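Participant: From first to last, the protein sequence lines are chains A and B.
Heads up, the first sequence stops at 432 in our numbering, and the numbers go up one at a time, no gaps.
Heads up, the second sequence stops at 432 in our numbering, and the numbers go up one at a time, no gaps.
Here a beta-carbon is modelled for each residue, glycine too, at the ideal position from N, C-alpha and C.
In this text, all values refer to a predicted model and were calculated from it rather than measured experimentally.
Number of protein chains: 2
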Amino acid sequence: MKNLLVAQSGGPTAAINATLSGVLDAAKKSSSISKIYGARNGIQGVLRDTLVELTNLVTQENLELLRRTPAAALGSCRYMVKDWKEDETDYQKIVEVFRKYNIGYFIYIGGNDSMDTVRKLSEYCTEKEIDDIVVVGAPKTIDNDLALTDHCPGFGSAAKYIATIMRELEREVEVYTPNNVLIVEMMGRHAGWLTASAALAQQKSKKVPYLIYLEERSFSMEKFISDVKNALKQYHAVLVAVSEGLHDANGKFICESDDDLHQDVFGHKQLSGTGKVLECAVKEQIGCKVRSIEVNLLQRCAAHQMSATDNEESWNLGAYAVKIALQKKSGKMSALRRVNQQPYQVEYEEVDVKDVANVEKKVPDAWINEEGNGVTQEMIAYLNPLIQGEMECCYEDGLPNYFIIE
Amino acid sequence: MKNLLVAQSGGPTAAINATLSGVLDAAKKSSSISKIYGARNGIQGVLRDTLVELTNLVTQENLELLRRTPAAALGSCRYMVKDWKEDETDYQKIVEVFRKYNIGYFIYIGGNDSMDTVRKLSEYCTEKEIDDIVVVGAPKTIDNDLALTDHCPGFGSAAKYIATIMRELEREVEVYTPNNVLIVEMMGRHAGWLTASAALAQQKSKKVPYLIYLEERSFSMEKFISDVKNALKQYHAVLVAVSEGLHDANGKFICESDDDLHQDVFGHKQLSGTGKVLECAVKEQIGCKVRSIEVNLLQRCAAHQMSATDNEESWNLGAYAVKIALQKKSGKMSALRRVNQQPYQVEYEEVDVKDVANVEKKVPDAWINEEGNGVTQEMIAYLNPLIQGEMECCYEDGLPNYFIIE
Numbered sequence: 027m028k029n030l031l032v033a034q035s036g037g038p039t040a041a042i043n044a045t046l047s048g049v050l051d052a053a054k055k056s057s058s059i060s061k062i063y064g065a066r067n068g069i070q071g072v073l074r075d076t077l078v079e080l081t082n083l084v085t086q087e088n089l090e091l092l093r094r095t096p097a098a099a100l101g102s103c104r105y106m107v108k109d110w111k112e113d114e115t116d117y118q119k120i121v122e123v124f125r126k127y128n129i130g131y132f133i134y135i136g137g138n139d140s141m142d143t144v145r146k147l148s149e150y151c152t153e154k155e156i157d158d159i160v161v162v163g164a165p166k167t168i169d170n171d172l173a174l175t176d177h178c179p180g181f182g183s184a185a186k187y188i189a190t191i192m193r194e195l196e197r198e199v200e201v202y203t204p205n206n207v208l209i210v211e212m213m214g215r216h217a218g219w220l221t222a223s224a225a226l227a228q229q230k231s232k233k234v235p236y237l238i239y240l241e242e243r244s245f246s247m248e249k250f251i252s253d254v255k256n257a258l259k260q261y262h263a264v265l266v267a268v269s270e271g272l273h274d275a276n277g278k279f280i281c282e283s284d285d286d287l288h289q290d291v292f293g294h295k296q297l298s299g300t301g302k303v304l305e306c307a308v309k310e311q312i313g314c315k316v317r318s319i320e321v322n323l324l325q326r327c328a329a330h331q332m333s334a335t336d337n338e339e340s341w342n343l344g345a346y347a348v349k350i351a352l353q354k355k356s357g358k359m360s361a362l363r364r365v366n367q368q369p370y371q372v373e374y375e376e377v378d379v380k381d382v383a384n385v386e387k388k389v390p391d392a393w394i395n396e397e398g399n400g401v402t403q404e405m406i407a408y409l410n411p412l413i414q415g416e417m418e419c420c421y422e423d424g425l426p427n428y429f430i431i432e
Numbered sequence: 027m028k029n030l031l032v033a034q035s036g037g038p039t040a041a042i043n044a045t046l047s048g049v050l051d052a053a054k055k056s057s058s059i060s061k062i063y064g065a066r067n068g069i070q071g072v073l074r075d076t077l078v079e080l081t082n083l084v085t086q087e088n089l090e091l092l093r094r095t096p097a098a099a100l101g102s103c104r105y106m107v108k109d110w111k112e113d114e115t116d117y118q119k120i121v122e123v124f125r126k127y128n129i130g131y132f133i134y135i136g137g138n139d140s141m142d143t144v145r146k147l148s149e150y151c152t153e154k155e156i157d158d159i160v161v162v163g164a165p166k167t168i169d170n171d172l173a174l175t176d177h178c179p180g181f182g183s184a185a186k187y188i189a190t191i192m193r194e195l196e197r198e199v200e201v202y203t204p205n206n207v208l209i210v211e212m213m214g215r216h217a218g219w220l221t222a223s224a225a226l227a228q229q230k231s232k233k234v235p236y237l238i239y240l241e242e243r244s245f246s247m248e249k250f251i252s253d254v255k256n257a258l259k260q261y262h263a264v265l266v267a268v269s270e271g272l273h274d275a276n277g278k279f280i281c282e283s284d285d286d287l288h289q290d291v292f293g294h295k296q297l298s299g300t301g302k303v304l305e306c307a308v309k310e311q312i313g314c315k316v317r318s319i320e321v322n323l324l325q326r327c328a329a330h331q332m333s334a335t336d337n338e339e340s341w342n343l344g345a346y347a348v349k350i351a352l353q354k355k356s357g358k359m360s361a362l363r364r365v366n367q368q369p370y371q372v373e374y375e376e377v378d379v380k381d382v383a384n385v386e387k388k389v390p391d392a393w394i395n396e397e398g399n400g401v402t403q404e405m406i407a408y409l410n411p412l413i414q415g416e417m418e419c420c421y422e423d424g425l426p427n428y429f430i431i432e
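So, in structure tokens, the structure goes:
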């Protein structure tokens with residue numbers, strides 16, 4: 027009987043350990059799997075032979091804590107394996123380690139780059155006629171930019187966190203008169219899904235106007251200043267949500283727009299964010315009270331404000347990846363298909379990783395309003411089911427408790 | 027029978043509306059108070075005569091929602107009344123508005139500056155022999171720097187939020203190898219209490235070392251770099267908590283240390299934070315992966331992660347302020363006295379606002395470790411009871427619901 031190996035890769039999310047929990051639970055329950063191993067720090071852990079046996083850790087109690095633990099409990103990496111046609115070294119080492127631990131099933135949880143690793147590794151095995159190693163992907167990314175899945179595990183929790191803090195910041199920005207502008211910068215270099223989730227808070231706003239700018243549209247500073255001025259005619263406070271990857275019509279990032287002056291003391295180009303650049307522009311051109319906030323890493327590890335829907339789906343996608351692996355379908359990824367909108371209903375399916383790897387799913391243009399400063403009802407309808415339900419943290423002495431793989 | 031007026035001032039907190047709720051509840055229950063009014067935007071709302079009657083809003087249901095609503099539901103201001111010996115204009119207007127609405131009790135919820143307003147206004151009334159207007163303060167500030175109260179309402183929730191995200195960021199910083207430094211900047215220009223609360227997460231850390239720098243001690247960049255290097259010998263990840271107000275031995279703020287180069291495109295001095303300056307220093311002098319996060323406004327409005335202890339005490343301090351007012355004790359503030367450490371127990375008392383106004387309570391030097399890069403067990407023992415217990419949010423469609431005073 028073969029063993030199963032699982033690893034995590036790419037940027038952390040609040041729910042990637044829920045997917046790991048789903049993998050572990052399904053593997054433990056399968057009569058076709060003997061031992062369960064985890065590789066530390068993704069595929070690098072395989073290459074370095076830093077595997078850890080997890081079989082005895084898989085208890086109901088541990089999994090309940092693990093699924094509530096943010097970031098990657100097994101560690102992560104950003105390592106890209108080379109094309110095997112050019113250099114087989116990594117692949118030979120990987121197969122050698124798999125043989126050593128009698129690994130028959132490898133589940134790789136990750137985003138775009140990780141799915142590319144799944145693709146290459148499964149292709150390599152096919153080419154070399156290695157038919158007793160099955161390689162399957164399970165998706166994750168807060169960026170929500172993976173193709174062929176309705177949405178990505180981790181995104182719903184990040185969206186819920188962002189919408190929650192936007193609602194709180196809306197209370198905050200309202201307290202002072204006169205005019206008061208608050209700019210909130212979200213992650214996402216290549217897709218505006220996270221920024222768009224501010225609209226979930228916007229739809230509940232009774233007074234405060236929101237302006238939302240996604241990187242799918244070119245950004246015009248002139249239009250932005252005019253939008254803010256108009257919003258301030260409506261109310262004394264304005265909340266602005268922006269993507270870090272905002273760029274002008276020439277594709278130049280807004281945060282790079284003043285190269286010469288944004289340098290730090292060592293002459294490095296200052297990593298001043300998009301929000302900070304807009305803050306300076308509002309100060310200069312409107313002259314009112316203005317502040318910018320970079321939500322930064324908090325949006326991808328806020329397990330204390332997880333979406334129960336996201337957590338459950340993330341778990342199920344892990345379990346489904348094991349199911350695919352047991353059917354010996356190498357080179358597949360578990361995915362979500364939305365089969366009904368109201369009531370919201372999803373089904374789990376398998377998709378080819380080759381169609382997922384290196385593709386980025388952008389926000390559809392039709393979901394951005396004409397003015398380019400907000401989103402449409404289609405976007406709200408898409409986002410709303412993903413943030414439903416709350417996960418209770420396991421509190422100990424006033425703070426959430428987490429599961430650590432020693 | 028006289029009416030009661032309540033107003034809120036200074037920076038928002040997650041719990042200032044819990045104090046407002048306590049005031050409203052006690053006022054409604056008192057047979058000595060007829061109508062209840064709120065002034066919009068603090069004392070400015072009195073001066074502008076923008077009062078709103080709240081009597082009929084005071085229901086159990088509304089108060090439960092209000093006590094979970096962050097920031098100041100009545101709005102806030104940063105207005106300082108002049109010394110009445112120099113200019114009586116404001117005072118005459120205030121008393122005129124009080125007369126118009128038959129106000130006999132005025133409760134002002136706020137920090138240092140607001141307590142100064144309470145002091146001046148109560149002194150003015152004494153001087154002018156106005157004996158039917160009682161002015162009482164109720165404390166609030168996330169900075170926890172008010173004198174004569176064991177701790178300040180709002181601080182416990184901010185501390186719980188900070189410790190929670192530090193625990194999450196600890197998971198986050200751990201996932202990548204090799205060396206990885208994460209710097210988190212907390213609010214507090216003049217006292218390091220908020221930054222110190224990172225130690226609540228530190229004491230639970232199994233692996234990741236923490237370095238905590240409070241502004242009560244002079245900051246040395248050389249020592250900091252050496253501390254980080256030492257920590258990286260211990261483990262591959264380090265978490266650093268710093269106060270925005272860190273300064274060198276000459277009192278110069280760290281965030282001002284590179285004036286010439288940190289300018290934005292308009293020639294403004296860049297508001298680059300302390301964390302960003304330290305990030306650049308680590309990059310330059312150690313050369314490892316490093317990132318900085320400014321927690322910013324999120325720490326003072328994170329009602330979704332409130333401390334139940336803080337919320338209850340905040341409510342009680344509001345109710346106690348009404349009790350003081352009904353006893354006609356003008357110029358007092360409600361305060362907390364810790365009467366027992368284990369089990370934690372507090373009592374409510376009145377203190378003279380004149381001893382609170384314009385005084386800042388710093389972190390005692392004895393609670394900072396010898397090296398100046400962490401806190402002692404006394405600090406942990408002080409902080410720990412303040413973050414106990416969780417407030418359940420009132421969720422509606424996946425997001426916390428709030429009470430808005432229309």
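Look up H273(B) in the DSSP assignment and say whether it is helix, strand or coil.
Facilitator: For the purposes of this step, residue 273(B) is identified with residue 247 of the second sequence, where counting begins at 1. Residue state, collapsed to three classes: strand.
Participant: If you count every other CB in all the chains shown that lies within 10 Å of the CB of G344(A), and 16 or more means buried, which is it?
Facilitator: On the first sequence, residue 344(A) is found 318 positions in, with the first residue counted as 1. Counting Cβ neighbours within 10 Å, G344(A) comes out buried, since at least 16 surround it.
Participant: Measure the alpha-carbon distance for P204(B) versus K111(A) and round it to whole angstroms.
Facilitator: One-based indexing of the second sequence puts residue 204(B) at position 178. One-based indexing of the first sequence puts residue 111(A) at position 85. The alpha-carbon atoms of P204(B) and K111(A) are separated by roughly 29 Å.
Participant: Please go through the same chain and pick out, in chain order, the residues whose beta-carbon is closer than 7 Å to the beta-carbon of G415(B), but skip the five residues on each side of it.
Facilitator: Here residue 415(B) is taken as the residue at index 389 of the second sequence, counted from 1. Answer for G415(B): S333, A334, T335, listed in chain order.
Participant: Specify the secondary structure class of P235(A) as computed by DSSP and reduced to three states.
Facilitator: Taking the first residue of the first sequence as 1, we reach residue 235(A) at position 209. P235(A) falls in the coil class under three-state DSSP.
Participant: Residues in the stretch 190-207 of chain B with C-beta within 8 Å of chain A's C-beta atoms, listed in sequence order?
Facilitator: Going along the stretch 190-207 of chain B in chain order, one finds T190, I191, R193, E194, L195, R197, E198, E200, V201, Y202, T203 with a Cβ nearer than 8 Å to chain A.
Participant: Could you work out which residue in V379(A), G398(A), L425(A) is closest to T175(A) when comparing CA atoms only?
Facilitator: Counted from its first residue, the first sequence places residue 175(A) at position 149. When only C-alpha atoms are compared, the closest one is V379(A).
Participant: Check distances from the C-beta atoms of the stretch 93-107 of chain A to those of chain B and list, in chain order, the residues that come in under 9 Å.
Facilitator: Cβ contacts with chain B come from T95, P96, A97, A98, A99, L100, G101, S102, C103, R104.
Participant: How big is the Cα-Cα spacing for Y421(B) and G299(A)?
Facilitator: Looking up residue 421(B) in the second sequence gives position 395. Looking up residue 299(A) in the first sequence gives position 273. Going by the C-alpha atoms only, they are around 32 Å apart.
Participant: Considering Cα atoms alone, identify which of R326(A), I135(A), P411(A), V389(A) is closest to R364(A).
Facilitator: The residue given as residue 364(A) occupies position 338 in the first sequence. Selected option, being the one with the closest Cα: P411(A).
Participant: Name the residues in the stretch 298-326 of chain A whose C-beta lies less than 9 Å from a C-beta of chain B; which are they?
Facilitator: Those residues of the stretch 298-326 of chain A that come within reach of chain B (Cβ to Cβ, closer than 9 Å) are S298, K302, V303, E305, C306, A307, K309, E310, R317, S318, I319, E320, V321, N322, L323, L324, R326.
Participant: Between the stretch 382-414 of chain B and chain A, which residues of the former have a C-beta closer than 8 Å to a C-beta of the latter?
Facilitator: Cβ contacts with chain A: N410, I413, Q414.
Participant: Alpha carbons only, please: which of F124(A), R66(A), T85(A) is nearest the one belonging to Y105(A)?
Facilitator: One-based indexing of the first sequence puts residue 105(A) at position 79. Cα-wise, what sits closest to Y105(A) is R66(A).
Participant: Which residue marks the beginning of the alpha helix (DSSP H) containing N138(A), and which one marks its end?
Facilitator: Position 112 of the first sequence holds residue 138(A). 138-153 is the span of the alpha helix (DSSP H), which, as asked, contains N138(A).
Participant: Here's the rule I'm using: 16 or more other beta-carbon atoms within 10 Å means buried, otherwise exposed. How should G313(A) be labelled?
Facilitator: Here the question's residue 313(A) lines up with position 287 in the first sequence. Label assigned to G313(A): exposed.
Participant: Would you mind giving the Cβ-Cβ distance between D274(B) and S244(B), rounded to the nearest angstrom? I have them listed as a contact below 8 Å.
Facilitator: For the purposes of this step, residue 274(B) is taken as residue 248 along the second sequence, with counting starting at 1. For the purposes of this step, residue 244(B) is taken as residue 218 along the second sequence, with counting starting at 1. Yes, they are in contact, since the Cβ atoms of D274(B) and S244(B) sit about 6 Å apart, within 8 Å.
Participant: Can you look up G313(B) in the DSSP assignment and give me helix, strand or coil?
Facilitator: Numbered from its first residue, the second sequence carries residue 313(B) at position 287. The answer is coil: DSSP assigns G313(B) none of H, G, I, E or B.
Participant: So D381(A) is in the alpha helix (DSSP H); what residue range does that whole segment cover?
Facilitator: Position 355 of the first sequence holds residue 381(A). Unbroken run through D381(A): none, as it is neither H nor E.
Participant: For T45(B), count the other beta carbons within 10 Å of its own beta carbon; 16 or more makes it buried, fewer makes it exposed. Which is it?
Facilitator: Within the second sequence, numbered from 1, the residue matching residue 45(B) stands at position 19. Counting Cβ neighbours within 10 Å, T45(B) comes out buried, since at least 16 surround it.
Participant: For S58(A), which residues from the same chain have a beta carbon less than 7 Å from its beta carbon, with the 5 sequence-adjacent residues on both sides left out?
Facilitator: Reading the first sequence from its first residue, position 32 is the one you call residue 58(A). Within the same chain, S58(A) has close Cβ partners M27, L352.
Participant: Assuming I135(A) and S35(A) form a contact by the criterion Cβ under 8 Å, report the distance between their Cβ atoms to the nearest whole angstrom.
Facilitator: One-based indexing of the first sequence puts residue 135(A) at position 109. One-based indexing of the first sequence puts residue 35(A) at position 9. 7 Å between Cβ atoms; contact.
Participant: Who are the neighbours of K186(A) on chain B, taking C-beta pairs under 7 Å?
Facilitator: Numbered from 1 along the first sequence, position 160 holds the residue referred to as residue 186(A). Residues of chain B passing the Cβ test: G424.
Participant: The alpha helix (DSSP H) with I191(A) in it runs from where to where?
Facilitator: Stepping through the first sequence from its first residue, residue 191(A) is reached at position 165. First-last of the alpha helix (DSSP H) with I191(A): 181-200.
Participant: Looking at P38(B) and R329(B), is the spacing between their C-beta atoms short of 7 Å?
Facilitator: On the second sequence, position 303 is the one that residue 329(B) refers to. On the second sequence, position 12 is the one that residue 38(B) refers to. Contrary to the premise, residue 329(B) reads as Ala rather than Arg in this sequence. Cβ atoms of A329(B) and P38(B): not closer than 7 Å.
Participant: Do Y150(B) and N29(B) have their C-beta atoms closer together than 7 Å?
Facilitator: As a first step, residue 150(B) must be located in the second sequence, where it is residue number 124. As a first step, residue 29(B) must be located in the second sequence, where it is residue number 3. The answer is no: Cβ separation not under 7 Å.
Participant: Excluding the 5 residues flanking N88(B) on each side, which residues of the same chain have their C-beta closer than 8 Å to its C-beta?
Facilitator: What you label residue 88(B) is simply residue 62 of the second sequence in a count that begins at 1. Same-chain partners within the cutoff: F429.
Participant: Under the DSSP definition of a beta bridge, which residues are partnered with E248(A)?
Facilitator: The residue you call residue 248(A) lines up with position 222 of the first sequence. The partner list for E248(A) (beta bridge, DSSP) is empty, contrary to what the question assumes.
Participant: State the Cα-Cα distance for the pair V385(B) and E200(A), rounded to the nearest angstrom.
Facilitator: Within the second sequence, numbered from 1, the residue matching residue 385(B) stands at position 359. Within the first sequence, numbered from 1, the residue matching residue 200(A) stands at position 174. Between V385(B) and E200(A), the C-alpha separation is close to 28 Å.
Participant: If we cut at 7 Å on Cβ distances, does I251(A) have a partner in chain B?
Facilitator: Position 225 of the first sequence holds residue 251(A). No - not a single Cβ of chain B is within 7 Å of the one on I251(A).
Participant: Output the distance between the C-alpha atoms of S269(A) and C419(B), rounded to the nearest integer angstrom.
Facilitator: Residue numbering aside, residue 269(A) sits at position 243 when the first sequence is read from its first letter. Residue numbering aside, residue 419(B) sits at position 393 when the second sequence is read from its first letter. If I take the Cα positions, the gap works out to 28 Å.
Participant: Which one of K387(A), I394(A), M359(A) has the shortest CA to CA distance from V377(A)?
Facilitator: As a position in the first sequence, residue 377(A) is number 351, starting the count at 1. The shortest C-alpha separation from V377(A) is found at M359(A).
Participant: Would L92(B) and G64(B) be called neighbours here (beta carbons separated by less than 7 Å)?
Facilitator: On the second sequence, position 66 is the one that residue 92(B) refers to. On the second sequence, position 38 is the one that residue 64(B) refers to. Contact flag unset, no.
Participant: Does the stretch 210-220 of chain A come within contact of the stretch 387-394 of chain A, defined as at least 3 CB pairs closer than 8 Å?
Facilitator: Yes, the stretch 210-220 of chain A touches the stretch 387-394 of chain A.
Participant: Pull up the CB-CB distance for G137(A) and C103(A), whole angstroms please, since I reckon it's below 8 Å.
Facilitator: Within the first sequence, residue 137(A) is the residue found at index 111, counting from 1. Within the first sequence, residue 103(A) is the residue found at index 77, counting from 1. Rounded, the Cβ-Cβ distance is 12 Å, inconsistent with contact.
Participant: So, is E432(B) buried or exposed, given that buried needs 16 or more other C-beta atoms within 10 angstroms?
Facilitator: Position 406 of the second sequence holds residue 432(B). Classification for E432(B): exposed.
Participant: Name the chain B residues that come within less than 8 Å of I431(A), Cβ to Cβ?
Facilitator: Along the first sequence, one-based indexing puts residue 431(A) at 405. Chain B residues near I431(A): none, gap ~11 Å exceeds 8 Å.
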